[in-house]
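Here the sequence shown stands for residues 1 to 109, numbered as in the UniProt record's numbering.
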Amino acid sequence: MSNDRCACINHQGLLARHHFFKNIKPKENKPNRQTTEDFINDKSSHANLLYHRWLSGQPKYNYSKRLGISYISAIHARDANSILKLGNKHMYRKVLSNFQQIFSPNLRT
């Protein structure tokens, strides 16, 4: 369509599917979730989730296409010296590493 013309309401979906989104394919692999579908959003569930993240030692890969950054976050347990002598009240700490800036290849942005 050109000259500022647009499709009517009956053909808007057809226009979008065949002209705008014709190269988009459905995603076949689903990202693995760390929570189940029946996850209860309360304090004890979050504590258990944090404990299992620490126990497994698997880092979490974070990325933001909007900001153009990516980093890895992992959960580490504090030692007794840090808790008792230095006064850190939290049992776990989050460690951020491998910070990267991913710039867009588009020259207009």
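All residues carry an ideal CB built from backbone N, CA and C; glycine is no exception.
- [ ] Output the boundary residues of the alpha helix (DSSP H) element that contains K43.
- [x] Taking the first residue of the sequence shown as position 1, residue 43 is located at position 43. Note, K43: alpha helix (DSSP H), 43-56.
Task: Chain-order list of residues whose beta-carbon lies under 6 Å from that of A80 (same chain, five-residue window excluded) - done: Looking up residue 80 in the sequence shown gives position 80. Correct list: empty, nothing qualifies.
Task: Between the CA atoms of S97 and Y71 - distance to the nearest angstrom - done: Position 71 of the sequence shown, counted from the first residue, corresponds to residue 71. Position 97 of the sequence shown, counted from the first residue, corresponds to residue 97. If you take the alpha carbons of Y71 and S97, they lie about 6 Å apart.
- [ ] Inspect the beta-carbon positions of S45 and K60 and report whether they are closer than 7 Å.
- [x] For this step, residue 45 is matched to residue 45 along the sequence shown. For this step, residue 60 is matched to residue 60 along the sequence shown. In this structure, K60 does not lie closer than 7 Å to S45 by Cβ.
Open item on the list: Does N62 come out as helix, strand or coil in the three-state DSSP assignment?
Closed with: Here the question's residue 62 lines up with position 62 in the sequence shown. N62: strand per DSSP, three-state reduction.
Open item on the list: Please report the straight-line C-alpha distance between R93 and L86, rounded to a whole angstrom.
Closed with: Here residue 93 corresponds to residue number 93 of the sequence shown, with the count starting at 1. Here residue 86 corresponds to residue number 86 of the sequence shown, with the count starting at 1. Each residue's Cα considered, the two are about 14 Å apart.
TODO: Specify the secondary structure class of L86 as computed by DSSP and reduced to three states.
DONE: Translated into the one-based positions of the sequence shown, residue 86 becomes position 86. Residue state, collapsed to three classes: coil.
TODO: Alpha carbon to alpha carbon, how far is L49 from F39? Give it in angstroms, no decimals.
DONE: In the sequence shown, counting from the first residue as 1, residue 39 sits at position 39. In the sequence shown, counting from the first residue as 1, residue 49 sits at position 49. Cα to Cα, the separation comes out at about 10 Å.
TODO: Would you mind sorting I75 into buried or exposed? The rule is 16 or more other CB atoms within 10 Å of its CB.
DONE: The residue you call residue 75 lines up with position 75 of the sequence shown. I75 should be labelled buried.
- [ ] Specify, as a first and last residue, the run of the alpha helix (DSSP H) that L14 falls within.
- [x] Position 14 of the sequence shown, counting from 1, holds the residue named residue 14. Where L14 is concerned, the enclosing alpha helix (DSSP H) stretches over 12-15.
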